[in-house]
Amino acid sequence: MDEKDLIRKAQKGDTLALAKLLQQNYSFVVKYLMKVTLHPQIAEDLTQETMMRCIEKIHLYNGDSKFSSWLITIATNLFIDQQRKKKREKKWVEQEQALRKMKWNAANRNEEWTDVIDVLAQINVDIRMPIVLKHYYGYTYEEIGKMMGIAEGTVKSRVSNGLKSVRKGLAEREGE
Amino acid sequence: MLEDKDELTAKQLFDGLEKLDQWNPVSTPNLQWFQQNIELEKKRIRKKQWKDLLTFISVAVCVLSVLIAVVYRQPIIFLYFQLVGIILLPLAFYKTRKKVSKE
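The listed protein sequences correspond, in order, to chains F and Z.
Quick note: the first sequence uses my numbering, first residue 802, plus one each step.
Quick note: the second sequence uses my numbering, first residue 283, plus one each step.
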């Protein structure tokens, strides 16, 4: 059964179809959230919240975008809301702890940590998200704008400035 | 088109994010876990909808009871309310319009 059939059945209330749909997209959402949050635990929690929101709103999905993109939109908005509620110090502490844990995971696999993740972690989430969506997932500026609820021009400038910040951050680290 | 510098940075970003996936493998729960959660969530949504509906009906009944009581006992107060409403309505519309045109 292809995705369209599953979506149609899920919208009619078929639990099994919805379960299959969510299962197929689960890892995609976790991986996306991992890249924008840079925090595995928050990524897992937000993925479950995204799934719950999808169960509630599945009847509103109109097929204009890919189902995975629709899920990413939900996840993005949940993350933005969560970030607004958290205090800056708490966010910083959480991010540092997560980075330490990820570095430890990398070391356990005998792999060298990459500086670009540290640099990305220092960039504001509002800029980090469009960078990941553009340069990792390949979405257009227009699609990203729709996902984040901002103008296309704003996305362009955030991505461009973000890339400059990443380059600067990497150069500083290389110079150290 | 991206500049060469940007392209290089984008490539470094892509590679770094790819590695992140390798270091943090995702384990997808089984189908039953999803089914159970969907059932639970659907139950919660139904419960919430009933609660909202009951709240709405209770408020509506309260407002209507007060209105009926006022109309039967003191019709003049009801007429005053209507008059105040007619005066305030254009003001409310004017404010909303102003807000919309500003956005």
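Cβ coordinates follow ideal geometry from the N, Cα and C atoms, glycine included.
Problem - Cutoff 9 Å: D927/F Cβ touching any chain Z Cβ - result: With 9 Å as the cut-off, D927/F does not count as an interface residue toward chain Z.
Practice task
Thinking R974/F and D916/F are a contact (beta carbons under 8 Å), I'd like their distance in whole angstroms, please.
Solution key: Contact annotation, R974/F with D916/F: C-beta distance approximately 5 Å; criterion of less than 8 Å satisfied.
Practice task
Below 7 Å between beta carbons is the criterion; list the residues of the stretch 832 to 851 of chain F that meet it against any residue of chain Z, in chain order.
Solution key: Across the stretch 832 to 851 of chain F, CB contacts with chain Z closer than 7 Å involve K832, M835, K836, P841, in sequence order along the chain.
Practice task
Answer yes or no: does any C-beta atom of chain A fall closer than 9 Å to that of K333/Z?
Solution key: Absent from the structure: chain A. Protein chains present are F and Z.
Exercise for the section: Find the nearest neighbour of A899/F within the set P841/F, K965/F, A811/F, I951/F, judged by alpha-carbon distance. Expected result: Closest in alpha carbon position to A899/F, among P841/F, K965/F, A811/F, I951/F, is P841/F.
Problem - Cβ-based neighbour list, I808/F, same chain, cut-off 7 Å, excluding 5 preceding and 5 following - result: Sequence-distant partners of I808/F (beyond 5 residues in either direction) whose C-beta falls short of 7 Å from its own C-beta, in its chain, are L822, Y862, F868.
Practice task
Taking M903/F and P931/F to be in contact with their CB atoms under 8 Å, please state how far apart those CB atoms are, rounded to whole angstroms.
Solution key: No, M903/F and P931/F are not in contact; Cβ-Cβ is about 22 Å, not under 8 Å.
Exercise for the section: Taking the CB atoms as reference points, tell me whether Y833/F and V933/F lie closer together than 9 Å. Expected result: Taking C-beta atoms as the reference points, Y833/F and V933/F count as a pair closer than 9 Å.
Problem - E845/F versus F338/Z: straight-line alpha-carbon distance, rounded - result: Put simply, the backbone Cα of E845/F is about 36 Å away from that of F338/Z.
Exercise for the section: Mind listing the chain F neighbours of A292/Z? Cutoff is C-beta to C-beta under 8 Å, in chain order. Expected result: Within chain F, the residues near A292/Z are H936, L964.
Exercise for the section: Pull up the distance between the alpha-carbon of K886/F and that of L290/Z, whole angstroms please. Expected result: Taking the straight line from one Cα to the other gives about 35 Å.
Practice task
Report the residue from G939/F, K858/F, S966/F whose alpha carbon sits nearest the alpha carbon of L921/F.
Solution key: Looking at G939/F, K858/F, S966/F, the one whose alpha-carbon comes closest to that of L921/F is S966/F.
Problem - Burial state of Y827/F, where buried means 16 or more other Cβ atoms lie within 10 Å - result: Buried, since its Cβ has 16 or more Cβ neighbours within 10 Å.
Practice task
Drop a sphere of 10 angstroms on the beta-carbon of F365/Z, count the other beta-carbons inside from all chains shown, and report buried for 16 or more, exposed for fewer.
Solution key: As written in the sequence, residue 365/Z is Leu, which differs from the Phe given in the question. By the 10 Å Cβ count, L365/Z comes out exposed.
Exercise for the section: Give the residues of chain F in contact with K377/Z, contact being defined as C-beta atoms less than 7 Å apart. Expected result: Contacts between K377/Z and chain F, judged by CB atoms closer than 7 Å, are missing: the closest CB pair is about 25 Å apart.
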